[in-house]
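Engineer: When the count follows this note's numbering, it moves up by one through the sequence shown with no breaks and lands on 299 for the last residue.
Shown below is the structure under consideration.
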Amino acid sequence: MEIFIEVLLPIALIFMGGYWLQKKQVLEIRSISAVALYILTPALVFRTFYTTVPDRNYLIIVVFSIVFLVIMLLCNFIVAKIYKWDSKTVSGMNLATIFTNAGNYGAPLILFAFGEEAFAFAVIYMVVQSLLMNTFGVYVANRSNMDARGAIRISLKMPVMYALFLGLALQYLNIQMGDSYLGAIDLLADSAIPVVMVILGMQLATISVKSFQWGLVGYGTILRLVLSPIIAYVLTLMMPASPTLAAVLIVSASMPSAATTAMLAVQFDANPKLVSSITLVTTVLSVPSLWILLSLLQ
């Protein structure tokens, strides 16, 4: 019960705040999500890669994220072939199951559950996920609406990738930014996670349970909350990760569907109802599933 009260409940209250706001005010979610997607998240990515010195743990997180993504893609590819999904369903399912809510849910959860050292790993994982979502995720979101070349062109327009390269370049060249500029970036970066948490709550308020495609939602939920922890655990056994890093990777990979994917689905019309449905169900069911997982890891 302590894990629920001290770790899960504070995060759920923020989601509920966004849910309540949308029910009362009916705001334009797409405009707010664009702020997070094009300004706040790039600021967070830039700060992370400008201030963090790469080490072995950094490499382990990157390799884990890529291998995990490929495995999830293969799972969806096989099931899509069996059930003959259309391109929009494939795009939506990939968005909903490949990328986890490692930032606005996972990072604070790991901080409360495992402490500062684990939180540092969680932030790196979150940034890697953000990079993948805002490049490959944008490609996936657009793949059902245009050819591969057009989808790649849209992906290259996303500012997150350029924020990453700029941060790495300034760090490598040892270019020191003024305190006022860093302070401005900190303001934006610190806003990224809470704003996206509120956006997720707002998105959940717009979802109608009556419109659920329960067969697809059920598959996506099982893949996201049941199979993902198993896959992540096996991968950590194959990597030279410390116990703390291994716990961070397993928990991060076991989070519900990422709120950003719902934003991408809305922004690029990649079956947003399916993505939002899986996001809602996995977010609600993640409370008991993460409760069990954290109890086992601790």
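The beta-carbon is built from N, C-alpha and C at its ideal position, and this holds for glycine as well.
Because the structure is a prediction, the values reported are computed rather than measured.
1. Take the Cβ of F166 as the centre, count every other Cβ of all protein chains shown within 10 Å, and call the residue buried at 16 or more, exposed below.
2. Got a sec? Which residues, its chain only, sit under 6 Å from S1 by beta carbon, not counting five neighbours each side?
3. Report the CB separation of P55 from V161 in whole angstroms; it is logged as a contact under 8 Å.
4. Ignoring anything shorter than 3 residues, give me the beta strand (DSSP E) runs that lie fully in the stretch 89 to 172, in order along the chain.
5. Exposed or buried, T283, counting other C-beta atoms within 10 Å across all chains shown (16 or more means buried)?
6. Could you give the first and the last residue of the continuous alpha helix (DSSP H) run that contains A248?
7. Among I200, V68, S192, whose alpha-carbon lies nearest the alpha-carbon of A263?
8. Give a yes or no on whether the C-beta atoms belonging to A123 and I111 are separated by under 7 Å.
9. Considering only residues of the same chain and omitting the five flanking positions on each side of S66, which have a CB-CB separation below 6 Å?
10. Smallest Cα separation from A35: which of I72, G19, N135?
11. Report all residues from its chain with a CB closer than 8 Å to the CB of L294; omit the five preceding and five following residues, and keep chain order.
12. Could you tell me the distance, in whole angstroms, from the CA atom of A266 to the CA atom of T52?
13. Could you work out which residue in A233, L38, T98 is closest to L132 when comparing CA atoms only?
14. Report buried or exposed for Y173, applying the criterion of at least 16 other Cβ atoms within 10 angstroms of its Cβ.
15. Quick one, are the C-beta atoms of F213 and S258 less than 7 Å apart?
16. Of the choices S243, W292, P273, I232, whose alpha-carbon is the least far from that of V68?
17. Suppose you measure from the CA of R48 to the CA of L169; what does that come to, to the nearest Å?
18. Check for me: the alpha helix (DSSP H) holding Y84 runs from which residue to which?
19. On the CB-based measure, 16 or more other CB atoms within 10 Å of its CB, does M127 come out buried or exposed?
20. Evaluate I33 with the Cβ neighbour count: other Cβ atoms within 10 Å of its Cβ, from every protein chain shown; 16 or more gives buried, anything less gives exposed.
21. By the DSSP assignment, the alpha helix (DSSP H) with R225 in it spans what residues?
22. Throw me the rounded Cβ distance for the F115 and A248 pair, which I believe falls under 8 Å.
23. Count the other CB atoms, across all protein chains shown, that sit within 10 Å of the CB of N175; report buried if there are 16 or more and exposed otherwise.
24. Considering only C-alpha positions, which residue in the set L45, W86, A260, I15 is nearest to A185?
25. Could you work out which residue in N102, L157, I61 is closest to L238 when comparing CA atoms only?
26. Can you say whether G221 is buried or exposed, counting buried as having 16 or more other CB atoms within 10 angstroms of its CB?
27. For C76, which option in Y59, V63, M94, I194 has the closest C-alpha, if you only look at C-alpha atoms?
28. Which value, in whole angstroms, describes the spacing of the CA atoms of Y84 and W215?
29. Rounding to the nearest angstrom, what Cα-Cα distance links L183 and T245 in this structure?
30. Compare the Cα-Cα distances from D191 to each of S243, G104, N58, V64 and report the closest residue.
31. At 4 residues or longer, what runs of the alpha helix (DSSP H) sit wholly inside the stretch 24 to 55?
Structural biologist: The structure says:
1. Counting the other CB atoms within 10 Å of its CB gives F166 a total below 16, which places it among the exposed residues.
2. Residue 1 lies beyond the stretch modelled for the chain, which goes from 2 to 299, so this question has no answer here.
3. The pair is not a contact, with the Cβ atoms about 18 Å apart (cut-off 8 Å).
4. none
5. With 16 or more Cβ atoms within 10 Å of its Cβ, T283 is classed as buried.
6. Looking at the DSSP string, the run of the alpha helix (DSSP H) that includes A248 is 244 to 254.
7. I200
8. yes
9. V129
10. N135
11. Correct list, in chain order: P230, I251, V252, S255.
12. 31 Å
13. L38
14. Counting every other CB atom within 10 Å of its CB across the protein chains shown gives Y173 a total below 16, marking it as exposed.
15. no
16. I232
17. 10 Å
18. 57 to 84
19. For M127, the number of other beta carbons within 10 angstroms of its own is at least 16, and it is reported as buried.
20. Around the beta carbon of I33, 16 or more other beta carbons lie within 10 angstroms, which makes this residue buried.
21. Premise fails: R225 is in no alpha helix (DSSP H) and is neither H nor E.
22. 6 Å
23. exposed
24. The residue among L45, W86, A260, I15 with its C-alpha nearest the C-alpha of A185 is L45.
25. I61
26. Around the beta carbon of G221, a 10 Å sphere encloses 16 or more other beta carbons of the protein chains shown; the residue is thus reported as buried.
27. Looking from the CA of C76, the closest CA among Y59, V63, M94, I194 belongs to M94.
28. 15 Å
29. 30 Å
30. G104
31. 30 to 36, 42 to 52
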